[in-house]
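Student: My structure is below; once you've seen it, I'll send some questions.
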Amino acid sequence: MKSIKHAIATAVAEHTGFPAADIVNLIEYPPNPELGDLALPCFQFAKQLRKNPALIASELADKLAGIDGIGNANAQGGYLNLTLERSTYALSIVDRALQSVHDLFSEERGTGHTVAVDYSAPNIAKPFGVGHLRSTIIGQAIVRLMREDGYRVEGVNHLGDWGTQFGKNIAAYLKWGDEETVRKNPVRELFKLYVRFHEEAREHPELEDEGRYWFKQLEEGHEQANRLWRWFIDESLRAFQETYKTLGVEFDHYLGESFYNDKMDAIVDELRAKGLLVEDDGAEVVDLSAYDMPPCIIKKSDGTSIYATRDLAAADYRHRVLGADTLVYVVGAEQKLHFQQVFKVLELLGRDYAKRCTHVAFGLMKFNGERLSTRRGHVVYLEDVLNKAIEEAKRIIQEKNPNLADQDGVARSVGVGAVIFNDLKTYRIHEVDFRYEDVLNFDGETGPYVQYTHARACSVLRKAGTDAQPLNWPTQVQPDDVEWALILRLAQAGEALARAVDEFDPSVMARYVLHVCHAFNRFYHNNPILQADDPLRAARLALTQATRNVIAKALYLIGLDAPQEM
RNA sequence: GCGUCCGUAGCUUAGUGGAUAGAGCGCUGGCCUCCGGAGCCAGAGGUCGGGGGUUCGAAUCCCUCCGGACGCGCCA
1 MKSIKHAIAT AVAEHTGFPA ADIVNLIEYP PNPELGDLAL PCFQFAKQLR
51 KNPALIASEL ADKLAGIDGI GNANAQGGYL NLTLERSTYA LSIVDRALQS
101 VHDLFSEERG TGHTVAVDYS APNIAKPFGV GHLRSTIIGQ AIVRLMREDG
151 YRVEGVNHLG DWGTQFGKNI AAYLKWGDEE TVRKNPVREL FKLYVRFHEE
201 AREHPELEDE GRYWFKQLEE GHEQANRLWR WFIDESLRAF QETYKTLGVE
251 FDHYLGESFY NDKMDAIVDE LRAKGLLVED DGAEVVDLSA YDMPPCIIKK
301 SDGTSIYATR DLAAADYRHR VLGADTLVYV VGAEQKLHFQ QVFKVLELLG
351 RDYAKRCTHV AFGLMKFNGE RLSTRRGHVV YLEDVLNKAI EEAKRIIQEK
401 NPNLADQDGV ARSVGVGAVI FNDLKTYRIH EVDFRYEDVL NFDGETGPYV
451 QYTHARACSV LRKAGTDAQP LNWPTQVQPD DVEWALILRL AQAGEALARA
501 VDEFDPSVMA RYVLHVCHAF NRFYHNNPIL QADDPLRAAR LALTQATRNV
551 IAKALYLIGL DAPQEM
């Protein structure tokens, strides 16, 4: 699609004197396919050229009719509408989808860049709730999308394994904990203790001091404190790995906050040497009032570190050791100010990568309209959600496809896919009110719908037995309207990837693949494939396989499995 | 109070300067002697939160008001 747009823009630039690069962005898809395949509104040119838009459009139509690949050009109410030569174009798109679907999606725009993506980052000794789902799967999708676009990507899990909360964990465990009970169900028991700590702290605020005391002990290397802390981490990590395995999520590095304990002094010293550190109420801060921001606390008044300090050290580590020139943080929108402060401090430190830091914010996840709060023990366990979805998938399989092999495996792919897709399909900044009735509905714009479409295409190809034969679109076949609509969708894969990457927004890809599926299902419904006669049958089989490749790739990019049967 | 974000059909939402505002869920109706009905087709349902402005053209940009969420120094 890009090359044809380019050819059009070049010709229009010649005629109007406007830069071709700007014209490319003006080209759009007409609201109604009867108008044409591509359109260029000519209103912008009117002022400069001192002609009315309708006249410009019709002059351009004459000019463009001769371009290779353009079947028809006509003017309509200030718009220049263009129709492509269907069979030529069908061959080129289907061929690319069959030979190398990667090339259909990617122009390798990220070549030469390394990006560190920070995602998931669950807290040790706390359950993995649905709230953590968003960062985890948005981040995983961004990793795959950027890799597809040619970036070298380092996925980092910035585990919450340090901070005052562990002082609280330790204090609570020493007060009320019992080794035996914790050992049996570590995350759940530790969490119970943590919640109790906050409940009792409401009546006895001195508990907070006790928590801070134990955190200070931890930072100063107190032996028992460190042993307990290590234990909490081992147990939690084991539980998290299970969840990641179910979700199909992977990381290149597990680098928790504690990893930076010995790397913060360098940053603090540098801040001090550059005169950026000032004392304020006993704490050491970077004053950001010149940028209309509250100060960034670097050291608390009791001398212990804080998350901003760790984020600064982590940023340097990702740049220097991991080689990243671009840093991406997939973290909730409520931390927006924090990241603005950290990025500003990096800039003040003279880090050249500071301008290539992005906070990919997303909206809060609520449950039945209520805010989830780990402190108050209000959590929805992700494990429970996934299990329910998998059960529902299994139930539907038994109802609709009882002879399917590997029902458990497929039910897992479909159930998990439903949960992931439900989260990714909406623009990430919106709040999500998690409701089982939505997640467990497998009709309409859902993961199972996309997977079903993929399985259906696979089924046709299996029956045709053509998997080994080279397929392609025979040029003597003219695509009909339904086939053409599908081909045009496939042709937009590259635009979908580029936009998803530029906006760090997987929902772009999720919506794209929904459009592909709808176009394919329409095609499937209207046009017999296997019973067609040969040039047509070959064409439709090729289109089916091209579509299957595109769907499979898109599903992979947003982190869903693509079962061949379901 | 200040700052940021969000407000589009009953619900979830797409579209962020261009043609009659597009989908899905739910609701109503139609389509399996035919490649998988987790599908396809059609219908009802919209003062694009209100008002003002900029523009040939505004859901989209600016101002203002209303509603909601989040944030605003030692939690992350």
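Numbering of the first sequence is given in the UniProt record's numbering, commencing with residue 1 and proceeding in unit increments.
For every residue, glycine included, the Cβ atom is placed at its ideal position computed from N, Cα and C.
Taking the alpha helix (DSSP H) that F367 falls in, what are its first and last residues?
Tutor: Note, F367: premise wrong, no alpha helix (DSSP H); beta strand (DSSP E) at M365 to F367.
Student: What separation, rounded to the nearest whole angstrom, lies between the Cα atoms of H102 and L382?
Tutor: Using only the alpha carbons, I get a separation of about 33 Å.
Student: In the DSSP assignment, find the unbroken alpha helix (DSSP H) run with P30 in it and report its ends.
Tutor: P30 -> no alpha helix (DSSP H), and no H or E assigned at all.
Student: By alpha-carbon positions, which one of E495, E565, P506 and R537 ends up nearest to I137?
Tutor: Ranking the options by Cα distance to I137, first place goes to P506.
Student: Along the chain, where does the beta strand (DSSP E) containing H359 start, and where does it finish?
Tutor: It spans C357 to V360 - the beta strand (DSSP E) in which H359 sits, taken as one unbroken run.
Student: So G409 packs on Q140, CB below 8 Å; how close in whole Å?
Tutor: About 20 Å separates the two Cβ atoms, so there is no contact after all.
Student: Since V182 is in the alpha helix (DSSP H), which residue starts that stretch and which ends it?
Tutor: From DSSP, the alpha helix (DSSP H) with V182 extends over E179 to K184.
Student: With distances taken from CA atoms, which of V153, K425 and E445 is nearest H113?
Tutor: Minimum Cα distance to H113 is reached at V153.
Student: Between the Cα of N261 and the Cα atoms of E148, Y317, N157 and A7, which residue gives the shortest distance?
Tutor: The candidate whose alpha carbon is nearest that of N261 is Y317.
Student: In angstroms, rounded to a whole number, what distance separates the CA positions of N401 and C458?
Tutor: When rounded, the distance between both Cα atoms is 15 Å.
Student: Where does F343 sit, in a helix, a strand or coil, going by DSSP?
Tutor: Reduced to three states, the DSSP call for F343 is helix.
Student: What residue from A39, T181, E34 and K336 has the CA that sits closest to V24's CA?
Tutor: When only C-alpha atoms are compared, the closest one is A39.
Student: What is the DSSP secondary structure of F434, reduced to helix, strand or coil?
Tutor: Correct three-state label for F434: strand.
Student: Return the CA-CA distance between H359 and V328, expressed in angstroms with no decimal places.
Tutor: Cα-Cα distance, rounded: 6 Å.
Student: Name the two residues that bound the continuous beta strand (DSSP E) containing P41.
Tutor: Residues L38 to P41.
Student: Taking only three categories from DSSP, how would you classify N527?
Tutor: Reduced to three states, the DSSP call for N527 is coil.
Student: Would you decide whether E107 is buried or exposed? Buried here means 16 or more other CB atoms lie within 10 Å of its CB.
Tutor: Flag for E107 reads exposed.
Student: Taking buried to mean at least 16 other C-beta atoms within 10 Å of its own C-beta, is V321 buried or exposed?
Tutor: Classification for V321: exposed.
Student: Which residues in the same chain as W176 place their Cβ atom closer than 7 Å to its Cβ, once the five residues preceding and following it in sequence are excluded?
Tutor: Hits under 7 Å: L193 and R196.
Student: Less than 9 Å between the C-beta atoms of Y119 and V156, yes or no?
Tutor: Yes; because the gap between Cβ atoms is below 9 Å, this pair is in contact.
Student: Cα separation between residue 567 and D161?
Tutor: Coverage of the chain is limited to positions 1 through 566, which leaves residue 567 absent and any answer about it impossible.
Student: Grab the span of the alpha helix (DSSP H) containing E445 for me, first residue to last.
Tutor: Neither: E445 is in no alpha helix (DSSP H) and is coded neither H nor E.
Student: State buried or exposed for K126, treating a residue as buried only when at least 16 other CB atoms are found within 10 Å of its CB.
Tutor: Label assigned to K126: buried.
Student: Return the chain-ordered list of same chain residues with a C-beta closer than 7 Å to the C-beta of T544, the five sequence neighbours on each side being excluded.
Tutor: Correct list, in chain order: A457, V460, L461 and I529.
Student: Looking only at DSSP bridge pairs, what is A116 linked to?
Tutor: BP columns for A116 point to E154 and L327.
Student: Could you pull out every residue in the same chain whose Cβ sits closer than 8 Å to the Cβ of G129, ignoring the five residues on either side in sequence?
Tutor: L372, T374, V379, V380, Y381 and L382, listed in sequence order.
Student: Note the first and the last residue of the continuous beta strand (DSSP E) segment covering K299.
Tutor: Taken as a continuous stretch (DSSP letters only), the beta strand (DSSP E) holding K299 covers C296 to K299.
Student: Of all the beta strand (DSSP E) runs that stay within the bounds of the stretch 235 to 312, which reach a length of 3 or more residues?
Tutor: Complete beta strand (DSSP E) runs here, min 3: 277 to 280, 283 to 286 and 296 to 299.
Student: Which same chain residues, not among the five before or five after H132, have their C-beta less than 6 Å away from its C-beta?
Tutor: Result list for H132: P122, in chain order.
Student: Around the Cβ of T243, are there at least 16 other Cβ atoms within 10 angstroms (buried) or fewer (exposed)?
Tutor: Buried, by the Cβ-count rule.
Student: Tell me whether A21 is buried or exposed, calling it buried when 16 or more other Cβ atoms sit within 10 Å of its Cβ.
Tutor: The residue in question, A21, is exposed, as its Cβ has fewer than 16 Cβ neighbours within 10 Å.
Student: Grab the span of the beta strand (DSSP E) containing A73 for me, first residue to last.
Tutor: It spans I70 to Q76 - the beta strand (DSSP E) in which A73 sits, taken as one unbroken run.
Student: Assign E437 to one of two classes, buried (16 or more other C-beta atoms within 10 Å of its C-beta) or exposed (fewer than that).
Tutor: Exposed, because fewer than 16 other Cβ atoms sit within 10 Å of the Cβ of E437.
Student: If we count the other Cβ atoms within 10 Å of its Cβ and call it buried at 16 or more, is A500 buried or exposed?
Tutor: Buried, by the Cβ-count rule.
Student: Considering only the alpha carbon of each residue, which of M264, Q241, R356 and Q478 lies closest to R537?
Tutor: Closest by alpha carbon: Q478.
Student: Measuring straight from C-alpha to C-alpha, what distance separates A455 and Q224?
Tutor: C-alpha separation (whole angstroms): 55 Å.
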